[in-house]
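Encoded as structure tokens, the structure appears first; notes follow it.
2 protein chains.
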Amino acid sequence: MATVAAVADRRCAGLGRAQLMEAASALMTERGSIDVSIHDIARRSGVSSALIKYHFGHKDGLLLALLEKIVGDSILRLETLVQRDMPAPEKLRLHILGVLNVYYRYPYLNRLMHYLLSSSEEARRRISVNIVKPMLAAQAAILEQGKAAGAFRDVNPMSFYFHVIGASDHLFYGLFAMKYAFGIEEMGESLKQSYGEDLVRTILNGIAAKPG
Amino acid sequence: MATVAAVADRRCAGLGRAQLMEAASALMTERGSIDVSIHDIARRSGVSSALIKYHFGHKDGLLLALLEKIVGDSILRLETLVQRDMPAPEKLRLHILGVLNVYYRYPYLNRLMHYLLSSSEEARRRISVNIVKPMLAAQAAILEQGKAAGAFRDVNPMSFYFHVIGASDHLFYGLFAMKYAFGIEEMGESLKQSYGEDLVRTILNGIAAKPG
Numbered sequence: 012m013a014t015v016a017a018v019a020d021r022r023c024a025g026l027g028r029a030q031l032m033e034a035a036s037a038l039m040t041e042r043g044s045i046d047v048s049i050h051d052i053a054r055r056s057g058v059s060s061a062l063i064k065y066h067f068g069h070k071d072g073l074l075l076a077l078l079e080k081i082v083g084d085s086i087l088r089l090e091t092l093v094q095r096d097m098p099a100p101e102k103l104r105l106h107i108l109g110v111l112n113v114y115y116r117y118p119y120l121n122r123l124m125h126y127l128l129s130s131s132e133e134a135r136r137r138i139s140v141n142i143v144k145p146m147l148a149a150q151a152a153i154l155e156q157g158k159a160a161g162a163f164r165d166v167n168p169m170s171f172y173f174h175v176i177g178a179s180d181h182l183f184y185g186l187f188a189m190k191y192a193f194g195i196e197e198m199g200e201s202l203k204q205s206y207g208e209d210l211v212r213t214i215l216n217g218i219a220a221k222p223g
Numbered sequence: 012m013a014t015v016a017a018v019a020d021r022r023c024a025g026l027g028r029a030q031l032m033e034a035a036s037a038l039m040t041e042r043g044s045i046d047v048s049i050h051d052i053a054r055r056s057g058v059s060s061a062l063i064k065y066h067f068g069h070k071d072g073l074l075l076a077l078l079e080k081i082v083g084d085s086i087l088r089l090e091t092l093v094q095r096d097m098p099a100p101e102k103l104r105l106h107i108l109g110v111l112n113v114y115y116r117y118p119y120l121n122r123l124m125h126y127l128l129s130s131s132e133e134a135r136r137r138i139s140v141n142i143v144k145p146m147l148a149a150q151a152a153i154l155e156q157g158k159a160a161g162a163f164r165d166v167n168p169m170s171f172y173f174h175v176i177g178a179s180d181h182l183f184y185g186l187f188a189m190k191y192a193f194g195i196e197e198m199g200e201s202l203k204q205s206y207g208e209d210l211v212r213t214i215l216n217g218i219a220a221k222p223g
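Protein sequence lines correspond, in order, to chains A and B.
Under my numbering, the residue at position 190 of the first sequence is numbered 201, and the numbers go up by one with no gaps.
Under my numbering, the residue at position 195 of the second sequence is numbered 206, and the numbers go up by one with no gaps.
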């Protein structure tokens, strides 16, 4: 049986972890940049920077854990969606709008993912196994359901994954260029919404067994 | 009238410019990384590193000029395609496959563009004006032609731009994750080809006036 002290230790340790991740997330959101130092994160969280090393090994370990937390929560919601009693096209619509919502809520998400993918073999392995694989599996299950119901034609799940995630991700990368190219100063709820509707319509028509 | 010496000077200067850009391109391709130094570029090109400052101001200026050269050539081909006597769906098919070909030929292209977009306001302005705007205008002209001919439904050109470029770009970013997620070691001609066919089919069906 755990002692009171051991339980308290674990709680404190867990709390430090969450606080550090929240501080990193808040700083990246405020700055519009993933360029945050260990020192900044420690100061913002009120947690000693030594604990970053203790919990995560190094700053990239903390950033990777934060990415896995954000996208992991989103994958759990997607896996619940897959199990629901609902037509496959409606599931895909909710999934695509959900992906856009996650990018919208965490404006640093795509830069963080791209940075981590190029940072180390370990990051590539963890992102592949913990993010790409389960997301692709959930999408493949929805595509299979839609095909069995006669709603979708045969679609290659890997192509579908890159198509949907790329088209969602790029709106938020492309924002860098929006001011000059389109006179749009910042991403708002209504732009995200109208882009989402356009994307859903084109993709659902595009994979329909009998489009229309 | 220009003296012989002045003409020779301009020629030598132009040659140095092209050599420096070619050296940077070759190094980034070989290394699979955009992490190249001024020293490396100078050594590879056989041109003094002082000329980088002379021609481009700084290394990011050289990288931006290289990006504008690669994508500029591609935009010229797209603008020629727009003028051709050809049905709009066929033009879009060639355009999308062409975008994938450029990413395939210059494997560092997306990392370079994303890096430069986040590097400075001047880079964002130049990429917007010299790359995003003309590409969007050419796509909008094809969409308009297709709509007038009854082939396409009404499509928002900005949504279309982010959709097509994002879906094309992401295949090459996603490659980082392919080894672990899909057991694919590297991008080959056949993967690019089959992804291109899937993407073209979904998008053309997706925007068809009478899909099918």
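Just so you know, even glycine gets a beta-carbon here, dropped at the ideal spot from N, CA and C.
Task: Nearest-angstrom Cβ-Cβ length linking residue 122(A) and residue 195(A), presumed shorter than 8 Å - done: No, residue 122(A) and residue 195(A) are not in contact; Cβ-Cβ is about 19 Å, not under 8 Å.
TODO: Starting from the beta carbon of residue 177(A), find every residue of chain B whose beta carbon is closer than 8 Å, and list them in chain order.
DONE: 177, 178, 179, 180, 181, 182, 184, 185
Open item on the list: With a threshold of 8 Å between beta carbons, is residue 128(B) in contact with chain A?
Closed with: yes
Open item on the list: Suppose you measure from the CA of residue 162(B) to the CA of residue 103(B); what does that come to, to the nearest Å?
Closed with: 12 Å
Task: Pick from 31(A), 89(A), 119(A) that is closest to residue 41(A), judged by C-alpha positions - done: 119(A)
Task: For residue 195(A), the first and last residue of its enclosing alpha helix (DSSP H) - done: Here residue 195(A) belongs to no alpha helix (DSSP H), and DSSP marks it neither H nor E.
TODO: Could you tell me whether any Cβ in chain B is nearer than 8 Å to the Cβ of residue 209(A)?
DONE: yes
TODO: Tell me, please, whether the CB atom of residue 174(A) is closer than 8 Å to any CB atom in chain B?
DONE: yes
- [ ] Give me the Cβ distance between residue 181(B) and residue 180(A), rounded to the nearest whole Å; I'm assuming they're in contact under 8 Å.
- [x] 6 Å
- [ ] Consider the Cβ of residue 119(A): report whether some Cβ of chain B lies at a distance smaller than 8 Å.
- [x] no
- [ ] Would you list the residues sitting across from residue 163(A) in a DSSP beta bridge?
- [x] 219(A)
Task: Cβ-based burial, residue 50(B) [other Cβ within 10 Å; buried from 16] - done: exposed
Task: Contact with chain A by residue 214(B), beta-carbon distance below 8 Å - done: yes
TODO: Inspect the CB distances between the region 138 to 148 of chain B and the region 66 to 83 of chain B and report whether three or more fall short of 8 Å.
DONE: yes
Task: First through last residue of the alpha helix (DSSP H) which encompasses residue 58(B) - done: Element bounds for residue 58(B): n/a, residue is neither H nor E.
Open item on the list: Check this for me: beta carbons of residue 109(A) and residue 129(A), under 8 Å apart or not?
Closed with: no
TODO: Using 10 angstroms around the beta-carbon of residue 65(B), count the other beta-carbons present and answer buried if the total reaches 16, otherwise exposed.
DONE: exposed
- [ ] Give a yes or no on whether 8 Å exceeds the smallest Cβ distance from residue 12(B) to chain A.
- [x] Model confidence at residue 12(B) stands at a pLDDT of 46, short of 50, so the residue's coordinates are unreliable; what they give is reported in the following sentence. For residue 12(B), the answer is no, since every Cβ of chain A falls outside 8 Å of its Cβ.
- [ ] Please report the residue range of the alpha helix (DSSP H) in which residue 112(B) lies.
- [x] 99 to 116
TODO: Output, in chain order, the set of chain B residues within a Cβ distance shorter than 7 Å of residue 125(A).
DONE: 125, 184
- [ ] Reducing DSSP to helix, strand and coil, say where residue 68(B) ends up.
- [x] coil
TODO: Determine the closest residue to residue 215(B) out of 71(B), 74(B), 199(B), 157(B), with distance taken between C-alpha atoms.
DONE: 157(B)
Task: Extent of the continuous alpha helix (DSSP H) to which residue 224(A) belongs - done: This structure cannot settle anything about residue 224(A), because the visible part of chain A is limited to 12 through 223.
Task: residue 95(A) in three-state terms, based on DSSP - done: coil
- [ ] For the alpha helix (DSSP H) holding residue 138(B), just list the boundary residues, first then last.
- [x] 132 to 138
Open item on the list: Tell me which residues of the region 135 to 164 of chain B have at least one Cβ-Cβ distance to chain A shorter than 9 Å, keeping chain order.
Closed with: 135, 136, 137, 138, 139, 140, 142, 143, 144, 147, 164
Task: Close beta carbons around residue 90(A), own chain, < 8 Å, minus the five adjacent residues each side - done: 145, 149
- [ ] Find the nearest neighbour of residue 111(A) within the set 39(A), 213(A), 178(A), 99(A), judged by alpha-carbon distance.
- [x] 178(A)
- [ ] Using beta-carbon positions only, say whether residue 74(A) and residue 34(A) come within less than 8 Å of one another.
- [x] no
Task: Proximity test, Cβ basis, 8 Å: residue 83(B) and chain A - done: no
Task: Other residues of its chain near residue 105(A): CB distance less than 7 Å, five sequence neighbours each side excluded - done: 92
TODO: Look up residue 180(A) in the DSSP assignment and say whether it is helix, strand or coil.
DONE: helix
Task: Best match in 61(A), 68(A), 212(A) for proximity to residue 174(B) [C-alpha to C-alpha] - done: 212(A)
Task: Min CB distance residue 86(B) to chain A below 8 Å - done: no
TODO: Report, in whole angstroms, the separation of the C-beta atoms of residue 218(A) and residue 135(A), which I expect to be a contact under 8 Å.
DONE: Between residue 135(A) and residue 218(A) the Cβ distance is about 29 Å, and since that is not below 8 Å, they are no contact.
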